[in-house]
Every structure is written in structure tokens, then in C-alpha cells.
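Enquirer:
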Amino acid sequence: MDDTPLEELPAVPEVTGGRHPIYPSLSKKVDVRCDNQQGRYVVAVEDIEPGDTICAEKPYAAVLLRDMFGTHCQNCFKIVKAPFPCKKCSNVVFCSVECRESAYFHSFECPIQDLLVGSGMSINCFLAIRLLVQKPLSYFLGIKEEINTGRYKEALKARETYDPADFFRLYDLVCHSEQRTKEDFFHRVVMVVFLVKALKKTKYFEDKGTGISDTISDTEAYVGSLLMHFLEIVQFNSHEVSEFWLMGPKTLSGSKNEAMGAAIYPTLALFNHSCITGQVRYFSGNSAITKSIRFIPKGDPVPENYGQSFTSAVRSERRQYLMDRYWFECACEACLRDWPMYQHMTNAVLNFKCRKCSGPLPVNTETHMNPMLKCEKCGEQTNIMSSLKNLQNSEQTFKSATNEMENFNLEKAESLLLENLKQLESSLYPPYKDYHQTQEAYMRVMLTKGGNYRVKQPKSEE
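This is the structure we're talking about:
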């Protein structure tokens, strides 16, 4: 099988409604709030429609999986057809001279690349060392006092913008040091010692290191403390970077999302999780883009998804994963009400929307005949006849959208799927099988149309 990449990366779209004046990676339709229970989180300050671009952000740092070293640019993650190699090693490739010259980090990773890969360390460990070596030692020595005294926190409060390229925005991300066990610290300290000893084999420490000696200088110990903090940060704030694989040219049948690396996005990390997916996240190179896949009213939280959706996993599994990986118990609506997985959804009971408060109006479709429903929450009477007509129209809209997807007319498919989401959104309260099926189709279209994708196709016969 041959894989055929895009010739050029898709353009990163502008966020809907213009950029936020403080958070330039975000749309003005959202804002960032903070409280003791949720920490920092994103909330809608205007109604958000399906298809709105909420976030578009370049990574503070990004690393490729080892299997991608020979096919993707180390610097921007673009697939390369005519590679520009490192001048000193054959381990990595770049898409251009500009990317090779921009990859300052590789001058230190290059001599120890085989050692790092051979150690079997995780992608998060690669990301932690990348956070360090993409800046020179002199930079970290210059901010040592601010870090040690915590003075940087006051400086952050005085800054007018949340710049995702600002090191202290990265450094200030949550790491839960106070909750860590002795065993957790021990495992991370062992990794830090390994990474510091590996860096001693490079020129990173300049004349402030101890070379190959087993002793550790004050500067090396300080760098070790930075690496320890970075290992804690990436656990809770890194994102998988992916590309979408098509099983044949111009077909979405059998397509799937595959990991290509990991990155840290200081603004994207501010979104909290919900098992009710609120956004589709896709990538152009290593830039992350998110689009809304449902209506989010003004005042509601705008969630991300940390890889656990109620449509594909039961509540106990989701909560266990999130507790083990992110140290919190999910209390989203799907968890609190124990919504069924996609495969267990039926149309036996439909939850129509109250015309006043949008609350659920449950209807047994096999026995209910009266089109007038009274909301238990607000007492309003709602006639569901128009909603029933909407459902009939949505079936035809979805059929037309799938036809466009089969013909790879992605622009038209996107438009029809957004129309279908709005039709269903106005009538029904989730969970509803057709609604989540439409969301899934829209996500597949955006993963192909807007982001990284590759095509598997048979080799030509000779």
C-alpha cells in the first residue's frame, strides 16, 4: 500500500466572530472563567452555532511519534515528499530549509536521539525535553529567580493578553503537584535523572555542566527541576496530534483517525471535559483547530473532549479512565443521567424541546397521541407538530448529505450536515441516535476537508 499526502497543508481558518481581545487563539464568542470547583474553563458569552470555529492555535511545543520521523517534518509536521535531512544525522527530515533552520531544538536532540528512542520513554517524556531544549540554557538562567520566588505569577496577572507563545503561560498550567504520591514523584525523578544525564552528552549546558562526570552541578539540578515540572504539566495539558486516513482516493468509507504525535497548546488546555462532545478537533500540520458540533447557548460551558465520549463507552469506563488519567470524576449531564451508548439508543422515547426553556419533553412514540405537551420544569405547553415535521425534513437532509460524502463533495456535505444539526437541535433534546450520527458525519468531513489526511491506495502494477 502507498500513502498519498496532501500537497499543501489546509489553511487554518479564522475564529468565528473575530479574535478574543485577551485570548487571541479564541473566538470572541467565548471567554475564560475560573472558580474553585472547575478551575479555569471556557464559557459561551454569545450563542454558539454548529460549525463555529472556536479555537485556532499553534503549539507551544510539538513532537512526532517515532514512526513518523522519516515521513513528516520535525518542525511543522507536514508530510514531506522531497525531504531536507539533518546535516548531522539520518534520523529526521524537514520539509524545507526554513523549517530545518527553525528547529533549534534538534541541535541538542540530534546527538542523543538514538538514546532517547532506544530508552522506550513515552511521548510525554519527549514533549517534556522538547519544552526545555527549544530555548537556550541562558533563557532559563535568566528567569531562574522569577521561577524560584513565584514572582512570575504577579507578572502574568499584569499582562493584557494570554499569549500562547509566552513561556510563563505554559509554566502556569495546572500540574497537581500537591496531590502526587511518593511513588509518582519517584518515577518522575528517575526519568529526570536519565534526561539530565542524556543532556550532559550534548552542548546544552555549555560551560556550566559537569560533562560526563556523575556529579551534578547547580545548573544541572535547576534544569532537572524544570524537567520535573514539565513532566507534571504534560500529563494534564498535552493533546494528541492526529491525521485522518482514507482507505482510498475520494472515499470516506473505512476512514479513521491516527495519532502522529503530541503537542501542548496553552489556550486549548483551558477547556474542561464533557463526555457530550461539544467540538471537533482537527489539525493542519501541528496547528489545532476546533469547531462546534452543537448549539451552545450563551452562559453555558464550552467543553472539549478528553477522548471519552458517552456514545462509545459506558459511564463506569469513562469515569475510571478520566480519574486515572486526569484525576477527576466527570459530572457532565451524560454521566449524571447515565445516557445510553450509541448502540443502545432507540426511538421508543424521544425528548422534544420545550419552546420556552428548551428542557426535555419525553414522548413514548409507541403510545403517545397528543401533540400538546406540558413542561414539568416551567409549565409551558408546547405543540410538537412543527418538531415532527422538522424530523421528517432532517431525514431527507441527512440522506442528501451522505450522498455528497459518497461523491466526496465535502463543501456541500458540510453545509447539509450543519443544516441537519440545526434541524435536529431545534426539535430534540439529546441523546438521539440520528443527531449523534449527524455529528459523527460532520466530524469526519472536517477531519478530511480541514485537516491533515492521507490516502491509502494500491501500488500500481508494473
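Under full-length UniProt numbering, read the sequence shown as residues 1 to 462, first letter to last. Here a beta-carbon is modelled for each residue, glycine too, at the ideal position from N, C-alpha and C.
Does A401 pass the burial test, meaning 16 or more other C-beta atoms within 10 Å, or should it be called exposed?
Expert: In the sequence shown, residue 401 corresponds to position 401, counting from 1. Looking at its Cβ environment, which holds 16 or more other Cβ atoms inside 10 Å, A401 is buried.
Enquirer: Indicate the three-state DSSP secondary structure (helix, strand or coil) for N148 in the structure shown.
Expert: Here residue 148 refers to the residue found at position 148 of the sequence shown. Looking at N148 - three-state DSSP - the assignment turns out to be helix.
Enquirer: Select from D35, V63, G17 the residue whose C-alpha is nearest the C-alpha of V45.
Expert: Here residue 45 is taken as the residue at index 45 of the sequence shown, counted from 1. When only C-alpha atoms are compared, the closest one is G17.
Enquirer: Are the segment 217-237 and the segment 20-32 touching by the rule of at least three beta carbon pairs closer than 8 Å?
Expert: No contact exists between the segment 217-237 and the segment 20-32.
Enquirer: Could you tell me whether the Cβ atoms of C354 and C335 are closer together than 8 Å?
Expert: Within the sequence shown, the letter at position 354 stands for residue 354. Within the sequence shown, the letter at position 335 stands for residue 335. No, the pair does not count as a contact, with Cβ atoms beyond the cut-off.
Enquirer: Report the option in S122, E404, V174, H436 whose CA atom is closest to the CA atom of K250.
Expert: Here residue 250 refers to the residue found at position 250 when the sequence shown is read from its first residue. Nearest of S122, E404, V174, H436 to K250, Cα basis: E404.
Enquirer: Out of S107, K433, L231, E395, state which residue places its alpha-carbon closest to the alpha-carbon of A348.
Expert: The count along the sequence shown starts at 1 and reaches residue 348 at position 348. It is K433 whose Cα lies nearest to the Cα of A348.
Enquirer: Would you kindly work out how many angstroms separate the C-alpha atoms of V302 and Y41, rounded to a whole number?
Expert: Counting from one through the sequence shown, the residue named residue 302 turns up at place 302. Counting from one through the sequence shown, the residue named residue 41 turns up at place 41. When rounded, the distance between both Cα atoms is 8 Å.
Enquirer: Which residues in the same chain have their Cβ closer than 7 Å to the Cβ of C110, if we skip the five residues on either side of it in sequence?
Expert: As a position in the sequence shown, residue 110 is number 110, starting the count at 1. C86, K88, C89.
Enquirer: Does any CB atom of chain D fall closer than 8 Å to the CB of S90?
Expert: Reference to chain D is not applicable here, since this structure consists of a single protein chain.
Enquirer: Does DSSP put K377 in a helix, in a strand, or in coil?
Expert: Here residue 377 is taken as the residue at index 377 of the sequence shown, counted from 1. DSSP places K377 in coil when its eight states are reduced to three.
Enquirer: Suppose the cutoff is 7 Å on Cβ atoms and the five residues either side in sequence are ignored; what does the same chain contact list for S96 look like?
Expert: Looking up residue 96 in the sequence shown gives position 96. F84.
Enquirer: Give the secondary structure of T71 by DSSP, where H, G and I count as helix, E and B as strand, and everything else as coil.
Expert: On the sequence shown, residue 71 is found 71 positions in, with the first residue counted as 1. Of the three classes helix, strand and coil, the one that applies to T71 here is coil, per DSSP.
Enquirer: Expressed to the nearest angstrom, what Euclidean distance is found between the alpha-carbon atoms of E419 and Y104?
Expert: Start at 1 with the first residue of the sequence shown, and residue 419 comes out as number 419. Start at 1 with the first residue of the sequence shown, and residue 104 comes out as number 104. Straight-line Cα distance between these residues: approximately 46 Å.
Enquirer: Let me know the secondary structure DSSP gives S358 once reduced to three states.
Expert: Residue numbering aside, residue 358 sits at position 358 when the sequence shown is read from its first letter. Three-state result, S358: coil.
Enquirer: Would you report the Cα separation of G285 and E206, rounded to the nearest angstrom?
Expert: Locating residue 285 in the sequence shown gives position 285, where the first residue counts as 1. Locating residue 206 in the sequence shown gives position 206, where the first residue counts as 1. If you take the alpha carbons of G285 and E206, they lie about 33 Å apart.
Enquirer: Please classify G451: is it buried, with 16 or more other beta-carbons within 10 angstroms of its beta-carbon, or exposed?
Expert: For the purposes of this step, residue 451 is identified with residue 451 of the sequence shown, where counting begins at 1. Buried: at least 16 other Cβ atoms inside 10 Å.
Enquirer: Whole-angstrom Cβ separation of I293 and Q279, contact assumed at under 8 Å?
Expert: Locating residue 293 in the sequence shown gives position 293, counting from the first residue. Locating residue 279 in the sequence shown gives position 279, counting from the first residue. That pair is a contact at about 6 Å.
Enquirer: Under the rule that 16 or more other beta-carbon atoms within 10 Å means buried, what is A259, buried or exposed?
Expert: Reading the sequence shown from its first residue, position 259 is the one you call residue 259. Exposed, by the Cβ-count rule.
Enquirer: Among I123, L131, M345, which one has its Cα closest to the Cα of F108?
Expert: Taking the sequence shown and counting its residues from 1, one reaches residue 108 at position 108. Minimum Cα distance to F108 is reached at L131.
Enquirer: Going by other Cβ atoms of all chains shown within 10 Å of its Cβ, with 16 needed for buried, is N407 buried or exposed?
Expert: The sequence position of residue 407 within the sequence shown is 407, counting from 1. That one is exposed.
Enquirer: Here's the rule I'm using: 16 or more other beta-carbon atoms within 10 Å means buried, otherwise exposed. How should C34 be labelled?
Expert: In the sequence shown, residue 34 corresponds to position 34, counting from 1. The residue is exposed, with fewer than 16 neighbouring Cβ atoms inside 10 Å.
Enquirer: Given a threshold of 16 other Cβ atoms within 10 Å of its Cβ, counted over all protein chains shown, does F122 qualify as buried or as exposed?
Expert: The count along the sequence shown starts at 1 and reaches residue 122 at position 122. With the sequence shown as reference, residue 122 is identified as Ser, and Phe is not the correct amino acid for it. Exposed, since its Cβ has fewer than 16 Cβ neighbours within 10 Å.
Enquirer: Which value, in whole angstroms, describes the spacing of the CA atoms of P59 and S287?
Expert: For the purposes of this step, residue 59 is identified with residue 59 of the sequence shown, where counting begins at 1. For the purposes of this step, residue 287 is identified with residue 287 of the sequence shown, where counting begins at 1. Their Cα atoms are separated by approximately 6 Å.
Enquirer: Consult DSSP for T277 and reduce its assignment to one of helix, strand or coil.
Expert: Here residue 277 is taken as the residue at index 277 of the sequence shown, counted from 1. In this structure, T277 counts as coil in the three-state DSSP scheme.
Enquirer: At the level of alpha carbons, what is the spacing between N148 and V189?
Expert: Counting from one through the sequence shown, the residue named residue 148 turns up at place 148. Counting from one through the sequence shown, the residue named residue 189 turns up at place 189. Each residue's Cα considered, the two are about 19 Å apart.
Enquirer: L65: which of L137, N91, A413, D47 sits nearest, CA to CA?
Expert: By one-based count along the sequence shown, residue 65 stands at place 65. When only C-alpha atoms are compared, the closest one is N91.
Enquirer: Within its chain, find whatever has a CB closer than 7 Å to the CB of V12; leave out the 5 residues flanking it on each side and keep chain order.
Expert: If you number the sequence shown from 1, residue 12 lands on position 12. Cβ neighbours of V12 beyond the five flanking positions: A56, S284, S287, I289.
Enquirer: Going by beta carbon distance, what residues of the same chain come within less than 7 Å of L9, once the five residues before and after it are set aside?
Expert: Along the sequence shown, read from residue 1 onward, the residue named residue 9 stands at position 9. Only K78, S284, G285 meet the Cβ criterion.
Enquirer: If you drop the 5 nearest sequence neighbours on each side, which residues of the same chain put their C-beta closer than 7 Å to that of Y204?
Expert: Translated into the one-based positions of the sequence shown, residue 204 becomes position 204. Only F108, V133, L137 meet the Cβ criterion.
Enquirer: Taking all protein chains shown into account, decide if S316 is buried (16 or more other Cβ within 10 angstroms of its Cβ) or exposed.
Expert: The sequence position of residue 316 within the sequence shown is 316, counting from 1. S316 comes out exposed.
Enquirer: Less than 7 Å separating the Cβ of C378 from some heavy atom of the ligand PLP?
Expert: Although the ligand PLP was asked about, the structure shown includes no ligands whatsoever.
Enquirer: In the DSSP assignment, the alpha helix (DSSP H) including K29 goes from what residue to what residue?
Expert: On the sequence shown, residue 29 is found 29 positions in, with the first residue counted as 1. Careful: K29 lies outside any alpha helix (DSSP H) and carries neither H nor E.
Enquirer: Relative to the C-alpha of L26, which residue among C76, T161, D67, A155 is closest?
Expert: The count along the sequence shown starts at 1 and reaches residue 26 at position 26. Cα-wise, what sits closest to L26 is T161.
Enquirer: Suppose you measure from the CA of M1 to the CA of V15; what does that come to, to the nearest Å?
Expert: Start at 1 with the first residue of the sequence shown, and residue 1 comes out as number 1. Start at 1 with the first residue of the sequence shown, and residue 15 comes out as number 15. Any answer about M1 is weak, because its pLDDT of 37 lies below 50 and its placement is not dependable; what the coordinates show is given next. In a straight line, the C-alpha of M1 is about 37 Å away from that of V15.
Enquirer: Would you say the segment 184-198 touches the segment 45-54, given that touching needs at least three Cβ pairs under 8 Å?
Expert: Touching, no, given that fewer than three Cβ pairs across the two stretches are closer than 8 Å.
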